[in-house]
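Numbering follows my numbering, in which position 639 of the sequence shown is assigned residue number 639; successive positions increment by one, without gaps.
Structure first, then comments.
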Amino acid sequence: MRRPLTLAAIAIPLAAAFFAACGGSGNETTQGAGAASSSGSGGTGGAGSGGEGLGGDIFGDGGVGQLVSIDITPKDLVIEVVNGQIPPPITYKATGITSTGSVVDVIGSWTYDRGDIGSIVPANGAFTASGLLGGTGNVTFEADGVKGSTTATVKLRYLDDSQMIDPNVKAQFPTAVEPDPALTLLYPYDKTVFPRGLLGPTIQWNGGNASDIYHIHVKSPAFEYETWRAVPPPSRFDFPKLPDDIWRKLTDSTSGDVQVDIARFDGTKAYLAKTQSWKIAPANLAGTIYYWEVNTGSVVRIKPGDLGPEAFLTPPPGIGCVACHSVSKDGTRLVASFHGGYSPWGTFDTATGTSLFNTNASSGFQAISPNGSHVLWRHWNDAAFNSTGFLSLSTYNSDVELAQLNPGGGFPSHPAWSGDGQKIAFSMRTDGNGLDFTQSTLWVTDVNLAVPSFSNTKQIVTNDAGRPTVTFPTFSPDSKWIAFERSTMARSRGALAEIWLTNTDGSVVIPLDSTNGVGHIEAEQTTANYEPTFNPFSLGGYFWLVIVSERKYGNTLTDTNPNTRRKQLWVTAIDANPVAGQDPSHPAFWLPGQGLDNQNMRGEWAKSPCKQLGEGCNAGFDCCDGFCKPDAQTGALVCSDQAQGCSKLGEACMTVANCCDPDAKCIGGFCASDGPK
1 MRRPLTLAAI AIPLAAAFFA ACGGSGNETT QGAGAASSSG SGGTGGAGSG
51 GEGLGGDIFG DGGVGQLVSI DITPKDLVIE VVNGQIPPPI TYKATGITST
101 GSVVDVIGSW TYDRGDIGSI VPANGAFTAS GLLGGTGNVT FEADGVKGST
151 TATVKLRYLD DSQMIDPNVK AQFPTAVEPD PALTLLYPYD KTVFPRGLLG
201 PTIQWNGGNA SDIYHIHVKS PAFEYETWRA VPPPSRFDFP KLPDDIWRKL
251 TDSTSGDVQV DIARFDGTKA YLAKTQSWKI APANLAGTIY YWEVNTGSVV
301 RIKPGDLGPE AFLTPPPGIG CVACHSVSKD GTRLVASFHG GYSPWGTFDT
351 ATGTSLFNTN ASSGFQAISP NGSHVLWRHW NDAAFNSTGF LSLSTYNSDV
401 ELAQLNPGGG FPSHPAWSGD GQKIAFSMRT DGNGLDFTQS TLWVTDVNLA
451 VPSFSNTKQI VTNDAGRPTV TFPTFSPDSK WIAFERSTMA RSRGALAEIW
501 LTNTDGSVVI PLDSTNGVGH IEAEQTTANY EPTFNPFSLG GYFWLVIVSE
551 RKYGNTLTDT NPNTRRKQLW VTAIDANPVA GQDPSHPAFW LPGQGLDNQN
601 MRGEWAKSPC KQLGEGCNAG FDCCDGFCKP DAQTGALVCS DQAQGCSKLG
651 EACMTVANCC DPDAKCIGGF CASDGPK
C-alpha cells in the first residue's frame, strides 16, 4: 500500500537522518556564446538513496519504515525538438522507497542543471525543452534530504526541404547500395577538430553534375540536420543561418564527434554517401588574430566569428607598408616595422590604435613581451638587411639598449617570447641576410627583465640537408612547447616548409603531419605551410595554432603554382598534452572571415581587449578581472568580481589548486582542460 510521506508525518528530523546521493553530474566546460558547453551525463538508475536512519520507524506505526531512496520516472528521457517546434511539457513522477521496501508518495522539489537546454517546474516536475540547444542534463528530485536523479536529453532536429525536392527522389537515398564513382569531398578534411564560436565551414566537393540532387546529413548525439538539394558545380554548401543558425546550433549542442554524410542522386540512381567524422571542442575560440595583408601593406585583425577583418594599421602617406608585427599576449600592445628596407620599429596601443613610440633605428622583425613592457629588436641594422650578430632589449617606449642577446657564432633571428615571460626562442642563421637565408637552427634563452639580461642560451633543434632553415618559433600557452617552421629558405614564396613541434629542451621533436595535411591533401601541398603562432589560451583541451598555408582551399582557391598561389590563414588544433612519438595535431581548417582576394600572412594571436565588469562574456579570459558568471537578475553571462570558491574552466587562476575541476591545469593564468575529452 502506498502512503504519502510529508514533513508533517515525520517524527525524527530528517535533515540529520539522511544523506544525499545523486545519479550523475554534467561536465563543466567553457561556455559558448549564448549557450552552454558540452553535454552533461546523468545517472542511469533513476534513483538515489538516503543515509542510514536514526533507528525506528519514521511513522511510528512499525509498518512503513524509513525513506532510503527515491525513484524517478520516466528514466533517461529523450525529447526531440523538430525544426524549432517545442513539444508539450513532460511531467516527471517521484516515488519513495522505504527501508522495508514500501513504495510511498513523496513531496519535494525538482531541479534541472542545464537551464540552457530545458527547465523544470520545481513543484510538479513538468519539464520543457528550451529549443536553444541540445544536450544532456540531470533531473533531480529532493525530499527532506533524500535525492533521486536521472537524465533528460534534448535533441535538436532540423529537416530542411526548402528546395521541395521530389519525394520519389528523396526515397532513393536510403536504398542506395553502390559506392559513388565520382564524388570527392574536398573540404573540410576528415577528422578536423572545430571549436565553437566560428562562422560555419563551407563544405566543398567535386564530381557532380548540374542536375544532381544531394542528401546532406549531419548528426551528433544531441543534434541532427538533413537537407535535400541541388548543389551545382563547383559544389559548395553553407549551413543555413535563418531562421536558425544551424552551425551554431550544432556546435553549441555537441561536445565530441559529428558524422557528416553526403550522398548523390545522378538522375537515375542514388549512391552511397561519402562520410566524414569531425569533432567539436567544448569551448569558444578566443582571442584576436593580427595579420598582414600583403596586397595593401596593412596590418588587419579578426576575431573568431567575425564576418571580416578590421583595419588596424594602414600605411600613412610616405610609408610603403606596415609589417613584421608582434603582439603582446595580453593583447595590449603591438610592435611593427615600417617602410620596408631598413624597417624602423614602433609600438601601438591595440585598444585605440594610438602610436606609443616610434624610432628611426633599423630592426625588421621584433618580439614583444607578454605584457607589452619590453621589445627585443635589431633583427637587421640597415637597408641591405645586414645584421650585427645580436638583438637589443629595450622598453616599449624607448630604443635605449638595456641588454644584448649575443649568442655568438651566427645571427639571432625571428625572436618569440614565451607566455610566462621567462624565455625567448629564436633562430640562429649562419648565411645570407636578415630577410633571405637558408641555414639556421632553433635556440632558446632565459630572459630576466628585473635585471635586464639573458642566460642559459642554447641550441635545441638542428637543421638538415632537406630542410636547412629552422625558424619562426612560437610558444604554446603553457610555455612548455614550441612550434616552428622547417623549410628550404626563410622567405615563404616558393619555399618547401612544414610545421613541427618541440619541447623547450629539444628532447622531443615531432612533425605535425596532420597540421601539414599529410593524408588529407596532395603530397606536394603538404610542404606549403609557414609561420605558426599559438593562441595564448588552451581551449577545450587543445592548443590552437594559426599558420600560413598556400594549399588549395577546396574548389574555391585552386592555384598550385608556387609563384602565384594564394597565402591564407589556417587554424589547427593541437592536443594540450603532447606525447613523444605521437602527432598531437589535427587537420587544419581555413579561418573564416579573412579576405580571399588578399595574400594573408604572419598571423599573430593575442588576447582580445578585455571587458569590464557587467559586460557580456563567454568565459573568464574575456574579462579584465578574469571571471565570467551568470548575472543574478537576467542569468546572462557577464564579467564579474571574483566569487568565493574555485575557478571554473576559462576563469582566472594562480595555480591548479584554484580550479574546480580536479583534472584541470592552470595554463596561462586560466583553468583549462588537460587534453581532449
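Backbone N, C-alpha and C define an ideal beta-carbon position, used for all residues, glycine too.
query	result
Nearest CA to the CA of residue 677: which residue from 322, 487 and 541?	541
If we ignore side chains and look at the alpha-carbon of each, how far apart do residue 512 and residue 462 end up?	17 angstroms
If I measure Cβ to Cβ from residue 443 and keep anything under 6 angstroms in the same chain, skipping five residues before and after, which residues do I get?	426, 428 and 459
Considering Cα atoms alone, identify which of 396, 365 and 207 is closest to residue 381.	365
Can at least three beta-carbon pairs, one atom from the stretch 175-192 and one from the stretch 97-112, be found at a separation below 8 angstroms?	no
Return the first residue and the last residue of the alpha helix (DSSP H) that residue 185 is part of.	Per DSSP, residue 185 belongs to no alpha helix (DSSP H); it is in the beta strand (DSSP E), 184-187.
Out of curiosity, what's the CA-to-CA distance linking residue 330 and residue 492?	28 angstroms
Could you check whether residue 271 and residue 176 sit closer than 7 angstroms to each other, using their CB atoms as the reference points?	yes
Please name the residue or residues paired with residue 302 in a DSSP beta bridge.	289
Hey, residue 614 and residue 638 are a contact pair by Cβ (cut 8 angstroms); roughly how many whole angstroms apart?	5 angstroms
Once you ignore the five residues that flank residue 319 on each side, which residues in its own chain have a CB closer than 8 angstroms to its CB?	338 and 339
Looking at C-beta atoms only, is the number of pairs between the stretch 289-303 and the stretch 591-598 that lie closer than 8 angstroms three or more?	yes
Have a look at the DSSP bridge pairing and note the partners of residue 278.	258
Could you tell me which uninterrupted alpha helix (DSSP H) segments, each at least 4 residues in length, are contained entirely in the stretch 147-177, listed from first to last along the chain?	167-170
Please give the ranges of any alpha helix (DSSP H) in the stretch 454-532, keeping only runs that are unbroken, at least 4 residues long and fully inside the region.	513-516
Using CA atoms only, rank isn't needed, just tell me which of 414, 143, 373 and 417 is closest to residue 402.	373
Does residue 665 come out as helix, strand or coil in the three-state DSSP assignment?	strand
Under a three-way DSSP split, which group does residue 319 fall into?	coil
In or out: residue 587 buried (at least 16 other Cβ within 10 Å) or exposed?	buried
Would DSSP call residue 93 helix, strand or coil?	strand
Could you tell me which residues DSSP pairs with residue 542 in its beta bridges?	539 and 575
Contact between the stretch 89-107 and the stretch 139-150: three or more CB pairs below 8 angstroms?	yes
Please confirm if residue 188 has its CB atom under 7 angstroms from at least one CB of chain C.	Included in the structure is just one protein chain, with no chain C present.
By a C-beta neighbour count over all protein chains shown, 10 Å radius and 16 as the cutoff for buried, is residue 164 buried or exposed?	exposed
Between the beta-carbon of residue 502 and the beta-carbon of residue 495, is there less than 7 angstroms?	no
Whole angstroms are fine: how far does the CA of residue 649 sit from the CA of residue 152?	24 angstroms
Can you tell me which residues form a DSSP beta bridge with residue 218?	225 and 260
DSSP three-state call for residue 377: helix, strand or coil?	strand
Quick check on residue 546: buried or exposed, where buried means 16 or more other Cβ atoms within 10 Å of its Cβ?	buried
Quick one, which of 580, 473 and 120 has its alpha-carbon nearest residue 137's?	120
Helix, strand or coil for residue 250? Go by DSSP, reduced to three states.	helix
Return the chain-ordered list of same chain residues with a C-beta closer than 6 angstroms to the C-beta of residue 476, the five sequence neighbours on each side being excluded.	534 and 543
Under a Cβ-count criterion, where at least 16 other Cβ atoms within 10 Å of its own Cβ denotes burial, should residue 123 be classed as buried or exposed?	exposed
For residue 672, does the three-state DSSP call read helix, strand or coil?	strand
If you draw a straight line from the C-alpha of residue 336 to the C-alpha of residue 580, how long is it?	36 angstroms
Give the C-beta separation of residue 218 and residue 260 to the nearest angstrom, bearing in mind that I take them to be a contact with Cβ-Cβ under 8 angstroms.	5 angstroms
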